[in-house]
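Protein chains in written order, with our numbering: chain A, 1 to 327; chain B, 328 to 667.
As structure tokens, the structure follows; a few thoughts come after it.
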Ligand SMILES: Cc1ncc(C[n+]2csc(CCOP(=O)(O)OP(=O)(O)O)c2C)c(N)n1
């Protein structure tokens, strides 16, 4: 088993799926010769040629829309969007067309497309290269939304997404690409879309996170272990459909819940988990559910102090955990 | 039908285009069928039996003509809400259409989930359509791209109205198709209105067909009432696509014989004269007159066709009305794949 970076796990999943099934194609801006701006599709063009590795025109709505048509006619397209911030022009194609295709046709047509995109804040990426978009899409029934946090999951979930008969929005927090490393087997394994994963067992409270926030939360949990607070950390991993069982099970065990997400706090994804716990686990709770979300400003500002003000890091999470533990 | 067996007249326009007498009478039948179905739907709506109608009176001629060269079983069609005649030629039945009007469980387009006019039919390769206009253009391009990769030889036709061409998706799709020289035929049925907004407030430069040049493929205009001319350009586009030479844009200028939908009254924003002028261009009449002039549409034949159409529509109405509504709980199904 090899230790691999997150981005390399994504790249490996592409190579394996391309080799496994010749219906798999990738389309997106710069995915061909350049191999994607982050290298997710590197080496595919050389091996599989221009017909399957498509440098799309710079037009996101059509990248999504053409992928939908390809899927209707027997291909398994992976549509890459350079940054989640630029997926907005394709919003209508993804939510009105891909997510609703099966339902609206009463099961006559499906839409096995993977929409892949880097999202989230990284240093110096500012308003239009930092957005968290998961809540927009998780809101719509008919599309699955995944946000793997480890290289192992990235490969396994991407392979599941390619093989899934329904559309999957595959979110890669860009801060993880080169920093996060982990064991990634060379064999053909998949990680199922759906189940969450308990990354750290604990008994005092539960922290729910995904993507880069998972890593910050795990760090915070380690710090607090030294202070005598034993936090359980759950990697939500699949945002839609949500694994409510694992979440409720964790709350039943710890009786306290903190949800950490980088998106704007208001109407953000964490609200759904908070509501779930309020509705289903009220009598398990020893304290109110706490959400630690991004500030409600329209984006992450560029200048370093402004950026730091926005970012949720291990320190802010540790503070929230202390607050929750004291309630 | 006796007259359909008649010998082709070599001098006639249709014969020069390689269409038999049987072909053109069958085309006329489809135009008449679509028109009668359309009228039936409005009657049903006025009678309170249907909630909503959106149809295409005036569009039938170019639709039948454009679909005629296509292979019904093999090729793809990506429709819009006025594509009733095209869908009939492609293989949907009047019953299929009326099951959608009545939102019955057996409606092949959506099982009664979508409003009427949102056609789709997997067996005859008509892709499911949604309501936002223009979204279907990129789908057609993706289908055509897949046909290329899978070496199926399929040609894809996609249709839209003139107003719909203002959407970005339409331009993005044509750009793709031009870049990759895909086997796709872009049809625009220009009835000069997008609900109440006239063409000159919708299309800068005045011509839709001219835009194709910017995408690197030919665009042509045809009079949508001239069924044979529509057929000629569609056949050229089809053969071109088959030869691997890429897409073509067909702009059919059609009369608009009805309001936008059953929720609209065009008399509020169009003059009487204009509406009258459109009536004179009715493809059913114009094509009928042509077929009369070449001796094909005799009174007997006309009556035979009218009787066949009436019979089929009566039977379809009865069958569709009798068909059961969907089970309420079935509304929860098919959000995701449920297994093979
Ligand atoms: C994206 C979107 N915006 C608005 C509408 C509402 N709408 C439905 S049809 C239509 C007019 C379309 O006109 P045109 O494309 O010229 O076709 P026509 O109805 O005249 O055949 C409008 C505005 C819609 N369906 N989709």
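Glycine is no exception: its CB is placed at the ideal position from the N, C-alpha and C atoms.
Just mark residue 1 of chain A as buried or exposed, buried being the case when its beta carbon has 16 or more other beta carbons within 10 Å. exposed
Please indicate yes or no: does the CB of residue 520 of chain B lie closer than 7 Å to some heavy atom of ligand 1? yes
Would you say residue 472 of chain B faces chain A, with C-beta separation under 8 Å as the test? yes
Taking 7 Å as the cut-off, is the C-beta of residue 602 of chain B nearer than that to any heavy atom in ligand 1? no
What did DSSP end up calling residue 374 of chain B once you bin it into helix, strand or coil? coil
Residue 18 of chain A lies in the alpha helix (DSSP H); which residues open and close that run? 6-20
Sort out for me which residues DSSP pairs residue 547 of chain B with in a bridge. B/577
Thinking C-beta only, is residue 132 of chain A closer than 8 Å to residue 119 of chain A? yes
Select from the segment 498-522 of chain B all residues with a C-beta closer than 8 Å to any C-beta belonging to chain A, and list them in chain order. 499, 500, 502, 503, 506
Proximity below 8 Å, CB of residue 44 of chain A to CB of residue 155 of chain A: no
Sorry if obvious, but does the Cβ on residue 525 of chain B come closer than 7 Å to a heavy atom of ligand 1? no
If you draw a straight line from the C-alpha of residue 23 of chain A to the C-alpha of residue 185 of chain A, how long is it? 24 Å
Cβ of residue 466 of chain B less than 8 Å from any chain A Cβ? yes
Return the Cβ separation of residue 392 of chain B and residue 554 of chain B in integer angstroms, given the expectation that the two are a contact with Cβ distance under 8 Å. 5 Å
Closer than 8 Å, Cβ to Cβ, to anything on chain B: give me those residues from the segment 56-78 of chain A, in chain order. 56, 57, 59, 61, 62, 64, 65, 66, 67, 68, 69, 70, 71, 72, 73, 74, 75, 77
The beta strand (DSSP E) with residue 119 of chain A in it runs from where to where? 114-119
Drop a sphere of 10 angstroms on the beta-carbon of residue 651 of chain B, count the other beta-carbons inside from all chains shown, and report buried for 16 or more, exposed for fewer. exposed
What residues in its chain sit with their C-beta under 7 Å from that of residue 536 of chain B, if we drop five residues either side in the sequence? 546, 547, 548, 576, 578
Where do the ends of the alpha helix (DSSP H) carrying residue 160 of chain A lie? 151-163
To the nearest angstrom, report how far apart residue 663 of chain B and residue 168 of chain A are at their CA atoms. 11 Å
Using 8 Å as the limit for Cβ to Cβ distance, is residue 447 of chain B near chain A? yes
If I'm right that residue 79 of chain A touches residue 115 of chain A with Cβ under 8 Å, what's the distance once you round it to whole angstroms? 5 Å
8 Å Cβ cutoff, residue 349 of chain B in contact with chain A: no
So which of B/633, B/506, B/524, B/383 has the shortest CA-CA distance to residue 516 of chain B? B/383
Looking at C-alpha atoms only, which residue of A/316, A/301, A/31 is the closest neighbour of residue 292 of chain A? A/316
What in chain A is Cβ-close to residue 455 of chain B, meaning under 8 Å? 101, 104, 105, 108, 109
With three or more beta-carbon pairs closer than 8 Å as the criterion, would you say the segment 432-439 of chain B touches the segment 372-383 of chain B? no
Name the chain B residues whose beta carbon is nearer than 7 Å to that of residue 92 of chain A? 459, 462
Candidates A/305, A/273, A/241, of which the one nearest residue 329 of chain A by Cα: Nothing about residue 329 of chain A can be reported from this structure: the residues present for chain A run from 1 to 327 only.
How long is the line joining the alpha carbons of residue 523 of chain B and residue 529 of chain B, rounded to whole angstroms? 11 Å
Restricting to runs no shorter than 4 residues, where is the alpha helix (DSSP H) found entirely within the segment 400-481 of chain B? 411-417, 421-428, 463-477
Determine the closest residue to residue 370 of chain B out of B/629, B/593, B/589, B/605, with distance taken between C-alpha atoms. B/589
Inspect the CB distances between the segment 296-306 of chain A and the segment 185-201 of chain A and report whether three or more fall short of 8 Å. no
Would the beta-carbon of residue 145 of chain A fall within 8 Å of that of residue 137 of chain A? yes
Neighbourhood of residue 189 of chain A by C-beta, 7 Å cutoff - its chain only, sequence neighbours within 5 removed: 156
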